[in-house]
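Let me begin by presenting the structure, written as structure tokens, before commenting on it.
4 protein chains.
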Amino acid sequence: MKTYPKHYCGIFGIKDMPRAAEYAAYGLHAIQHRGQESAGIASTNGDKFFEHKGMGLVLRIFDNRILSGLEGQTAIGHNRYATTGKSELKNAQPLSVQCKRGGIALAHNGNLTNTKALRTELENHGVAFQTTTDSEIMLALLAQSDKPLDQAILDMMSKVEGAYSLVIMTETALIAVRDPHGFRPLSLGTLDGNPVIASETCAFDIIGARFEREVEPGEIVIFESNNVHTQRVANLPQRTLCAFEKVYFDRPDSKIDGQSVYGIRFAFGERLAKEYPIQGDIVVPILDGGKYAALGYAKASGIQLVEAFVRNHYEHRSFIQPNQSERDRTAEFKLNLIPELVRGKRVIIIDDSIVRGTTCKSRIKKVREAGAHEVHVLVSCPPHIHPCYYGIDFPDQSKLIAANNTQDEIRKKLDLDSLGYLSMEGFMEVLGQGHCLACWNGNYPTV
Amino acid sequence: MKTYPKHYCGIFGIKDMPRAAEYAAYGLHAIQHRGQESAGIASTNGDKFFEHKGMGLVLRIFDNRILSGLEGQTAIGHNRYATTGKSELKNAQPLSVQCKRGGIALAHNGNLTNTKALRTELENHGVAFQTTTDSEIMLALLAQSDKPLDQAILDMMSKVEGAYSLVIMTETALIAVRDPHGFRPLSLGTLDGNPVIASETCAFDIIGARFEREVEPGEIVIFESNNVHTQRVANLPQRTLCAFEKVYFDRPDSKIDGQSVYGIRFAFGERLAKEYPIQGDIVVPILDGGKYAALGYAKASGIQLVEAFVRNHYEHRSFIQPNQSERDRTAEFKLNLIPELVRGKRVIIIDDSIVRGTTCKSRIKKVREAGAHEVHVLVSCPPHIHPCYYGIDFPDQSKLIAANNTQDEIRKKLDLDSLGYLSMEGFMEVLGQGHCLACWNGNYPTV
Amino acid sequence: MKTYPKHYCGIFGIKDMPRAAEYAAYGLHAIQHRGQESAGIASTNGDKFFEHKGMGLVLRIFDNRILSGLEGQTAIGHNRYATTGKSELKNAQPLSVQCKRGGIALAHNGNLTNTKALRTELENHGVAFQTTTDSEIMLALLAQSDKPLDQAILDMMSKVEGAYSLVIMTETALIAVRDPHGFRPLSLGTLDGNPVIASETCAFDIIGARFEREVEPGEIVIFESNNVHTQRVANLPQRTLCAFEKVYFDRPDSKIDGQSVYGIRFAFGERLAKEYPIQGDIVVPILDGGKYAALGYAKASGIQLVEAFVRNHYEHRSFIQPNQSERDRTAEFKLNLIPELVRGKRVIIIDDSIVRGTTCKSRIKKVREAGAHEVHVLVSCPPHIHPCYYGIDFPDQSKLIAANNTQDEIRKKLDLDSLGYLSMEGFMEVLGQGHCLACWNGNYPTV
Amino acid sequence: MKTYPKHYCGIFGIKDMPRAAEYAAYGLHAIQHRGQESAGIASTNGDKFFEHKGMGLVLRIFDNRILSGLEGQTAIGHNRYATTGKSELKNAQPLSVQCKRGGIALAHNGNLTNTKALRTELENHGVAFQTTTDSEIMLALLAQSDKPLDQAILDMMSKVEGAYSLVIMTETALIAVRDPHGFRPLSLGTLDGNPVIASETCAFDIIGARFEREVEPGEIVIFESNNVHTQRVANLPQRTLCAFEKVYFDRPDSKIDGQSVYGIRFAFGERLAKEYPIQGDIVVPILDGGKYAALGYAKASGIQLVEAFVRNHYEHRSFIQPNQSERDRTAEFKLNLIPELVRGKRVIIIDDSIVRGTTCKSRIKKVREAGAHEVHVLVSCPPHIHPCYYGIDFPDQSKLIAANNTQDEIRKKLDLDSLGYLSMEGFMEVLGQGHCLACWNGNYPTV
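In order, the protein sequence lines correspond to chains A, V, D and S.
Everything in the first sequence is counted per this note's numbering, starting at 1 for the first residue and increasing by one.
Everything in the second sequence is counted per this note's numbering, starting at 1001 for the first residue and increasing by one.
Everything in the third sequence is counted per this note's numbering, starting at 2001 for the first residue and increasing by one.
Everything in the fourth sequence is counted per this note's numbering, starting at 3001 for the first residue and increasing by one.
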């Protein structure tokens, strides 16, 4: 099972609204956390396609002049994450083509697992690829099919494997597609009665749209003229929604598959309090990821929440060419400790994950240096020991601290009085059934 | 009392460190919240001056190539705030001149109140001004004096009135100056034994420098060769540190004049709990300003803290030309409400100030629409009813809601069950003596 | 016969030279006159492809850092002309694809005349087009073929109609292709014995390469390993080289199909002197196009050449949004008349063409106002009355002055004492056989 | 006699015209050849000053939006030349100040020779300089004076030495000033009856203004309200207009001090024909500088003019960091030889000057390699052997080929059959009296 470069992404679509591209820009801004490398918007006035893409943040790429040029009442958009790999404008999305069906534009969140085989097969049938994106493969499959679009999409879904939530636009239709496992989230909303699609519901809030429902795993929803046409692949596998989205990645104000992200993280914290009833003086969250779990832990334990780490709200990076040690150094810039808040205290730090352990270690060191009496770390999910093939960009397994050390070794390396990960039982009790847990337990749903 | 355009600012200085300009860039980044319009760094290698300024954020203006060109082991820097007035690169700081003393570069935080009189007097003596900055006035005074630099600075301090914290650089010296009232903060630190100066102590933390002490109101500290020379103006007035810096403006992890900003805000919240013992279900903070007061209120009252407003951590602005209604609209983008957290609840919102009231109003509206049972707002300082002439950029008095409405009128306009400002007694009890309270009570220290 | 947007272009290729991309940049700079809208370079190190494209002039798009990233010893490049149509980076060339053959990059000068039919046919076979360029059609044809590359190119040539000179690059080969009519020029050179390809020979001069020979109409030249393999399509039509290239478009220091552009233009002037033996006092050239014909006219007639129009060597355009009247106005900025040189004189102006007549008219007006005694205009080719479908971007026929007026009407509109176009006989006598004359006589070779 | 960095420059002023700044932009564009490093425009609406400066060409720096912001009906502008020294935006002009007179903006062409002494004196009087420009010195002198502006300018002129043509703007006046020697040109024109000032008359042509007269050496012309007030310094020295401007620097379509630049250069060529009656076959000009002299030589000698060197009309520079050898290499890019035009011929090259000799040498080498029978070079002025202190940026004397070699040594180094410089007698006969010849004969007018 070989894979191509992974990426997080955010997608958005809207139909039948004046200045559709402007709504797309605000929607993408709301889900900017899903990808900061590049962004793009394609729109249509029912006749022509318009498109603009750029590197960087949505607010840098789009302005009034550019949005005015993106004509029409239907638009789709995409945010792309900066992986360590090659970052190029030519891989930015949405990707638009002209084919015998007319125009098709597509934006993709997720990662296919049979990319290489599909590309080889398509190349052997004469396809020339201009990018290295999954999207181009899916567009090639759609362009070759002689069937109606809904059937062509179903055929495509029978060929591609892996994780994909899609928004697709033609001159006349806006389409939402979610893979049969439902790895990546995708929601439907309405604005003045017109359809809106987004990776996360916070993109609805920013434009005043109303959340209607999730796109179901394996479902295709086609908005065309004033009709909605929905269809679902046969022989659905068990749904395996990505659990890590909810632990770490999604915005806390989003609702994903009926669950409040805030509520889940709060419950992780309550559950941690039950599993690890530490005699601490203060509960200290790390960033937003840990905050809601810390609120839950504080409430359940009765121990006071103290925001001892203060966030610098401006962008964080080095002024010089970043190498790993520089990246570690600047990661710390994001959070600054108020030493007197932890001095002499038994400190319980709540974090959402420990990946490589380097940033965590330097933060613990600062807490120690500030004179904390005890330092405990609780993590709101089980330890990460496997790579993700469905679109989350973890480092190599060789760099995952939990894949290469026992829990006690990690505790010692991080210089902790105690270290606790949320148990798999506790984790699943909060999340419920139907999640992909591969990065924790190695059970890959598509293999 | 006429005044020129006001501005917040952040200043930084460092001496005897290799790559001094790079430290200055990190220091300015740490105090980016004090000014986002423009930034600049001047450095010296003991012989020549080097300088770079630009519009926008520190991380956008400086890169490795530019920092490499800022040679030498001494550097000063400046962040400037975007006021509504004219924003021009020519007013960016530090400002550097060549005069009979050699080179002098200066960065200024604060606002002089006798600018116009001083400019007229200097112009009558033949001075030609190239900018509209206070800094140029101070440099003109220094350039004209035949006395040694410390005496020249003292003479200058006897002429200028108002608020000023300064870092000054010559080919051989780094100098910190604070006005006799001490309006704006200024701290001294050391890095490997070498001097560092900054508006806020969080700039020391980011580069690993150690906080040593405040620059005292009316004090001049000159670092030259390996000596420190300090001097203080005679006939010092009572110190009147800016209280609003601590309420709203300073980073919570800074220590200002011996006080932890975090601690003060927490105490405001505890005091609010005493003054306003509301029967609420949840305490909801607004942004960072309200967060620490909310933590204090929650602890004192025993009412649960709920982070019902979620922050979008990316820059906030409109894609189209901003007008006031657009600015109000995008102000909301910054915070998104999680409706189910307030539904059916008696909500106590803690905010740090209500200036015009428009943003506050739209947030309360959302809480109401989400089905809150009651909505109360508590403000962690007294009502603002006067302008500031010392460097804080409030809107016209005509737009200050508390200057034009009774407290009950404001409550009705904002559609609240109750509205409470921290009492002046409570406010002063937390802050202690020696603060400027002019924006609340109209007592201007320099008149 | 329908056609897609037309364009001039310049192409370049080089193989087996270190820093191949840098040579490509200089080569493109030398033929910058063939296209100023966008430029691009693709290179290969034998394994991977590298690529950079941008809008504007070569010297603005490429710098040392970018050229360093274009690794490898083989590179091709392309300049694209700014037509009035949509100018987009996505249509910039070279265009690179990955297909079953591996990588192929292609740069095209010319214009296909059966684009629409080919696109429809390919779309019906399942091809999805991402651009509106001819290049993508040719790449699609190559990608679908199962034959060896040379045969695949021959097959492609049997399908496409119109004008095309191509440079093609694979991981191992550099290829030159010229259409069977030979509309657009293409030359082969060597640099240190290694192959170089360019639209015009002046691109060889700038890098010190040696001109070897023209690529023959209908010829494919493949440089692979250290071999050269050449092949030619069967059933070649009569060659119809573009005559207007030599009149107006090519650089005078280029040699095109064995003819010196300078020499041809000089001979046009000599021939004009024979056809129009005007009793004038001075011969005045318009820009470079008229200069060499004017030198020929002056020599043949014995009348003195006077450079009464002085060129502003800097870029010419309006500071405000250009409309047609503004464009006419700024067209004049390019040339400034020295009035005393024409005062009281019988002036013979030599120009290379009169297209819409507006710029010409305003120049003649200035000569009249300066007090010229007589004003005559001689044009170094016959009158333009037909559109070009092979890559030269003339305005609509409705705007071609000679298509809508008799010669005497034009003379009156331009306020001339006499107007003379070079006769078709004279024109062909200078040029020799084998040229496309469609824009003058409407005989389109491909119909 | 010590001097600061020298520079060419172009200046422009206009009064009482709507969109004055736009006229200034076109005027500066017309004299772009006088300076390409930076450009700036300052305007006034009678109350406030507006200003914009940037690095690079006028057409890059200004656009419609920026010009719209430069309000008012009076504007002055400046082009600055890229010397090898430090190029910084802070040294760009015009320079504007506020002083007891109100606002003053100034743009300067030339170079003062007593800069250092004046700066020291002014610094001792308390002046703080922000730039290293001459302009700031002159503004400081004006700002200090209590006399009316015309008298203050006369006083300033009595203190500064060297070359200066100035345009000065106040809220109500536009002023032209020329130094008593008249080193640099300055002309007055009218547009719709309103005053225009420019370094060269070609700036009048581009905006349709009419040339009125030269500003006389030592003259001040003040346009205020609807009056013109003119005054002249007493005890005028002999006028010493810069002769090299006319040889090389001015545009051929300009008239300078009553002389047509075209006419002068043509006459240089005629005179060369008399002094050097070479038995050649063709006359070949080098660039524009040599062209008009070549036309004169060709006419006087009856030898045919052949434009064997072809100019690349696009900007010339290296893609990589330029060093001297790279600069030499790219200097050649500007001109490309058509070899067959010189093959077997006795070639007479006409150039305007030989400074270092390197570019000249490489061009001669190409002519030899092309098979020329004989190569002669004639230079349209005497040999350069002295530096200029009045604003022309020659290299160090050590690098001037004629300062370090006999004429015959130069001939040998350049591999010529003969080399001829225009005799000083011939040169002066064409130019007439009243020129500065210091770079040829070392007689500096101000010493």
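For every residue, glycine included, the Cβ atom is placed at its ideal position computed from N, Cα and C.
A quick note: this is a predicted structure, and the numbers were derived from the prediction, not measured.
- Taking all protein chains in view, the Cβ of Arg-1080 (chain V) is crowded by 16 or more other Cβ atoms within 10 Å, so the residue is classified as buried.
- Within the segment 1182 to 1197 of chain V, no residue places its CB atom closer than 9 Å to a CB of chain A.
- For the segment 3102 to 3143 of chain S, the continuous alpha helix (DSSP H) assignments of 4+ residues that do not extend past its boundaries occur at 3115 to 3124, in sequence order.
- Residues are counted here when their Cβ sits less than 9 Å from a Cβ of chain S; for the segment 1074 to 1108 of chain V these are Glu-1088, Leu-1089, Lys-1090, Leu-1095, Ser-1096, Val-1097, Gln-1098, Cys-1099, Lys-1100, Arg-1101, Ile-1104, given in chain order.
- Spatial neighbours of Asp-2352 (chain D) in its own chain (CB-CB distance under 6 Å, excluding positions within 5 residues in sequence) are listed in chain order as Val-2247, Tyr-2248, Gly-2289, Gly-2290, Ser-2380.
- Contact between His-3386 (chain S) and Cys-3439 (chain S) holds, with the beta-carbon distance rounding to 5 Å and staying under 8 Å.
- In the structure shown, the three-state DSSP call for Tyr-2276 (chain D) is coil.
- Nearest C-alpha to Ile-1338 (chain V) among V:Glu-1123, V:Asn-1312, V:Ser-1096, V:Val-1177: V:Asn-1312.
- The bridge partners DSSP lists for Ser-1038 (chain V) are V:Met-1055, V:Arg-1080.
- By the neighbour-count definition (other C-beta atoms within 10 Å, threshold 16), Glu-2307 (chain D) is a buried residue.
- Under a criterion of Cβ atoms nearer than 7 Å, the residues of chain S adjacent to Leu-1139 (chain V) are, in order, Ala-3128.
- By the criterion of a C-beta distance shorter than 8 Å, Pro-18 (chain A) is surrounded in its chain by Gln-73, once the five residues flanking it on both sides are discounted.
- Boundaries of the alpha helix (DSSP H) around Asn-64 (chain A): 64 to 69.
- Against chain S, the CB of Glu-1071 (chain V) has no partner CB under 8 Å away; the residue lies outside that interface.
- Just so you know, the alpha carbons of Gln-1304 (chain V) and Tyr-421 (chain A) end up roughly 26 Å apart.
- Taking 8 Å as the threshold, the shortest C-beta distance from Ala-2203 (chain D) to chain S does not fall below it.
- From the beta-carbon of Gln-3144 (chain S), the residues of chain V found nearer than 7 Å are Gly-1126.
- Listed as beta-bridge partners of Ala-163 (chain A) by DSSP are A:Asn-111.
- Fewer than three Cβ pairs drawn from the segment 2352 to 2365 of chain D and the segment 3062 to 3076 of chain S lie within less than 8 Å of each other, which leaves the two stretches out of contact.
- Across the structure, Glu-2425 (chain D) and Thr-2358 (chain D) are spaced so that their CA atoms are roughly 27 Å apart.
- A residue is called buried once 16 or more other Cβ atoms fall within 10 Å of its Cβ, and Ser-3043 (chain S) is buried on that count.
- The segment 2154 to 2170 of chain D and the segment 2096 to 2105 of chain D touch, with no fewer than 3 CB-CB distances between them shorter than 8 Å.
- Taking 8 Å as the upper bound on Cβ-Cβ separation, chain D lies near no residue of the segment 272 to 301 of chain A.
- Leaving aside the five residues that flank Ala-2293 (chain D) on each side, the residues in its chain whose CB is nearer than 6 Å to its CB run, in chain order, Arg-2265, Phe-2268, Gly-2269, Ile-2350, Ser-2380.
- For the pair Thr-446 (chain A) and Ala-243 (chain A), the Cα-to-Cα distance works out to about 16 Å.
- Look at Asn-2441 (chain D) here: in three-state DSSP terms it is helix.
- Judged by DSSP secondary structure, Tyr-2292 (chain D) falls outside any beta strand (DSSP E) and instead within the alpha helix (DSSP H) spanning 2287 to 2301.
- Gln-2279 (chain D) and Arg-2346 (chain D) do touch by the CB rule: their CB atoms are close to 7 Å apart, below 8 Å.
- By the Cβ neighbour-count rule, Pro-3277 (chain S) is exposed, with fewer than 16 other Cβ atoms within 10 Å of its own.
- For Glu-3245 (chain S), the nearest beta carbon of chain V is not closer than 8 Å to its own beta carbon.
- Burial of Asp-2205 (chain D) is indicated by the presence of at least 16 other C-beta atoms within 10 angstroms of its C-beta.
- Contact with chain S is absent for Glu-1171 (chain V), since none of that chain's Cβ atoms lies less than 8 Å from the residue's Cβ.
- Contact check for Pro-2185 (chain D) against Ser-2199 (chain D) passes: the beta carbons are separated by less than 8 Å.
- At least one beta carbon of chain D lies nearer than 8 Å to the beta carbon of Glu-123 (chain A).
- Gln-1130 (chain V) and Gly-3126 (chain S) do not touch by the CB rule: their CB atoms are close to 16 Å apart, not below 8 Å.
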